[in-house]
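For the sequence shown, the working numbering assigns the number 1 to the initial residue and increments by one for each residue that follows.
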Amino acid sequence: MRLKRLFSLICAGVLTTSSLSLVASATPVGPDNLVNTEVEISAESTSTSATTAGTWHEVSKQTFWLLDALERGQGVATDGNSWIFNSSYGLLRTGLDGKSVKARNELAIPLEIASQGGDHIGDISYYNGKIYAPIEDGKNYQHPYIALYDVNTLKYTGTSYALPLNLHVGGVPWVAVDAARGQVYTAQWSNASVLNVLSLDDMHVITTVPLSQSIDRIQGAEVYNGVLYASTDNATQTVYQIDPETGNVSVAFDRNLPSGTEAQGIVVLPTADGAQLHILDVGSNRISVNFRHYAF
Numbered sequence: 001m002r003l004k005r006l007f008s009l010i011c012a013g014v015l016t017t018s019s020l021s022l023v024a025s026a027t028p029v030g031p032d033n034l035v036n037t038e039v040e041i042s043a044e045s046t047s048t049s050a051t052t053a054g055t056w057h058e059v060s061k062q063t064f065w066l067l068d069a070l071e072r073g074q075g076v077a078t079d080g081n082s083w084i085f086n087s088s089y090g091l092l093r094t095g096l097d098g099k100s101v102k103a104r105n106e107l108a109i110p111l112e113i114a115s116q117g118g119d120h121i122g123d124i125s126y127y128n129g130k131i132y133a134p135i136e137d138g139k140n141y142q143h144p145y146i147a148l149y150d151v152n153t154l155k156y157t158g159t160s161y162a163l164p165l166n167l168h169v170g171g172v173p174w175v176a177v178d179a180a181r182g183q184v185y186t187a188q189w190s191n192a193s194v195l196n197v198l199s200l201d202d203m204h205v206i207t208t209v210p211l212s213q214s215i216d217r218i219q220g221a222e223v224y225n226g227v228l229y230a231s232t233d234n235a236t237q238t239v240y241q242i243d244p245e246t247g248n249v250s251v252a253f254d255r256n257l258p259s260g261t262e263a264q265g266i267v268v269l270p271t272a273d274g275a276q277l278h279i280l281d282v283g284s285n286r287i288s289v290n291f292r293h294y295a296f
């Protein structure tokens with residue numbers, strides 16, 4: 001459904017103690033952090049801004065391999081000073097270079113949720129020093145949760161919220177915090193027809209907002225300037241814009257990634273190269289993850 005189990009098996013079987021990152025980024029890379037790393041400039045980053053003015057376009061990307069990819073293969077959030085990536089089971093905080101590791105929690109799913117079958121963390125979100133992580137049991141989808149983690153240590157805070165099962169058919173693949181409105185958003189993964197609006201205070205359901213069109217295979221979403229941007233794994237890896245108040249849905253842009261690529265989580269952070277949206281995808285080889293950076 002989300003990142004395929006085969007990817008985890010390949011990574012686990014290939015490496016046990018080391019990993020290799022292939023990084024392509026507009027950010028300069030110094031000699032001190034080039035251990036086991038090669039630098040390659042993305043072809044997309046060489047395009048002129050004149051040809052893409054007024055449209056979302058890829059300005060750069062980073063590619064991670066094997067165990068590095070595994071740790072970044074599901075979702076991403078930011079506190080403005082670091083990236084927080086997640087796998088199906090763990091959390092990883094890095095510098096904004098995407099590589100220098102600041103903290104790691106390899107088995108982040110709390111025991112009380114794991115004991116109910118919880119085995120998959122979806123696309124995460126950040127607010128006020130906490131990581132909001134959606135956790136689901138990936139076989140029966142009977143126990144959807146949102147669990148909170150300290151952004152610095154990535155340790156579980158002891159706070160989690162069970163979500164209503166009737167609104168999370170097929171699990172809870174992502175969560176997005178809307179701090180300005182004091183709300184949290186979720187939706188079902190397959191052909192979502194409504195946006196679930198929860199209270200940021202205690203996760204009770206405020207309302208459900210009917211969408212102007214259903215959206216299939218939402219892998220992650222994040223709020224930017226009052227609009228919810230949703231990354232999907234449809235045929236063209238469309239990024240949708242959703243008005244959380246009216247439910248109006250429109251296409252922001254189609255990413256049109258190579259065949260076999262699997263779109264994943266999304267995060268918002270304006271960066272020096274002009275990028276604002278940053279989106280993960282698993283490569284068709286299943287052992288690499290791309291972190292693509294998009295500007296408008």
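Just so it is clear, CB atoms sit at the ideal spot from N, CA and C, and this is done for glycine as well. These numbers come from a predicted model, not from an experiment.
Based on the DSSP output, what are the partners of P210 in its beta bridges?
-> V194
May I have the straight-line CA-CA distance separating F291 from K99, to the nearest angstrom?
-> 12 angstroms
Could you check what DSSP says for A187 in three-state terms: helix, strand or coil?
-> coil
Same chain only: Cβ atoms within 7 angstroms of A77, ignoring 5 sequence neighbours per side = I84, I124, S125, Y126, I131, V267
Tell me whether E112 sits in a helix, a strand or coil according to DSSP, three-state version.
-> helix
With DSSP as the reference, label N152 as helix, strand or coil.
-> coil
For V169 and Y185, the rounded distance between their alpha carbons = 15 angstroms
Leaving out the 5 sequence neighbours to the left and right, which residues in its chain are closer than 6 angstroms to S199 when beta-carbon positions are compared?
-> I206
Could you spell out the range, first to last residue, of the alpha helix (DSSP H) harbouring A69?
-> 66 to 70
Would you say V172 and L163 are within 8 angstroms of each other, going by their C-beta atoms?
-> yes
Along the beta strand (DSSP E) that carries Q302, what are the first and last residues, could you check?
-> Residue 302 is absent from the structure shown; the chain starts at 1 and stops at 296.
Buried versus exposed call for H120 [16 or more other C-beta atoms within 10 Å across all chains shown] | buried
Does the beta-carbon distance from L167 to N196 come in below 8 angstroms?
-> yes
What are the start and end residues of the beta strand (DSSP E) that includes P134?
-> 130 to 136
By DSSP, does N81 sit in helix, in strand, or in coil?
-> coil
C-alpha distance - L257 paired with K155, whole-angstrom precision = 34 angstroms
Ordered along the chain, which non-local residues of its own chain (more than five positions away) have a Cβ less than 6 angstroms from that of L138?
-> Per the sequence shown, the amino acid found at residue 138 is Gly instead of Leu. These residues qualify, in order along the chain: D119, H120.
Look at the alpha carbon of F64 and the alpha carbon of G95, and state the distance between them as a whole number of angstroms.
-> 15 angstroms
Distance, Cα to Cα, R286 vs S250?
-> 30 angstroms
Could you pull the start and end residues of the beta strand (DSSP E) that G226 belongs to?
-> Counting along the chain, G226 falls outside any beta strand (DSSP E), and DSSP gives it neither H nor E.
At a Cβ threshold of 8 angstroms, is Y141 touching chain B?
-> Going by chain labels, chain B is absent from the structure shown, which holds only one protein chain.
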